[in-house]
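Below is one structure, written out as structure tokens; comments come after it.
Below is the structure:
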């Protein structure tokens, strides 16, 4: 299954049991936009476990409190962030403090997908 859903702040690509987010340059991901993403994931994955891959191609901000809601989402089992930007990698260290599930950073989408597939077994 491959589906793409566009939002005002970015887009979500669904591939099997993964939601791959690519947010727009300059957007801000706050609890309201995060609820839209999670709601859409509910529709697509229903009761099935899934992983979220944040492909940070663009510069945007994330309210770290979104991870508190995400951590309480029954289907979301892990988050992988893909970036080669050291600033983003530093931000992820802070973001990880708000999420009590597996959460890692990777340099490539392939590495992130491989890790998520292992976590989701």
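Numbering (my numbering), first residue to last: 1 to 121.
Glycine included, C-beta positions come from ideal geometry on N, C-alpha and C.
Note that the structure is a prediction, hence the values are computed from the model and not measured.
Boundaries around residue 15 are those of the beta strand (DSSP E), 10-15, since no alpha helix (DSSP H) includes it. Residue environment: residue 74 is assigned as exposed (fewer than 16 neighbouring CB atoms within 10 Å of its CB, all protein chains considered). Bridge partners of residue 52 according to DSSP: 19, 79. In its chain, beyond the 5 residues on either side, 12, 40 have a beta carbon closer than 6 Å to the beta carbon of residue 5. In the three-state DSSP reduction, residue 27 falls in the coil class, being neither helix nor strand.
In the three-state scheme derived from DSSP, where H, G and I count as helix and E and B as strand, residue 98 is classed as coil.
Restricting attention to 29, 22, 7, 9, the CA atom closest to the CA of residue 109 is found in 22.
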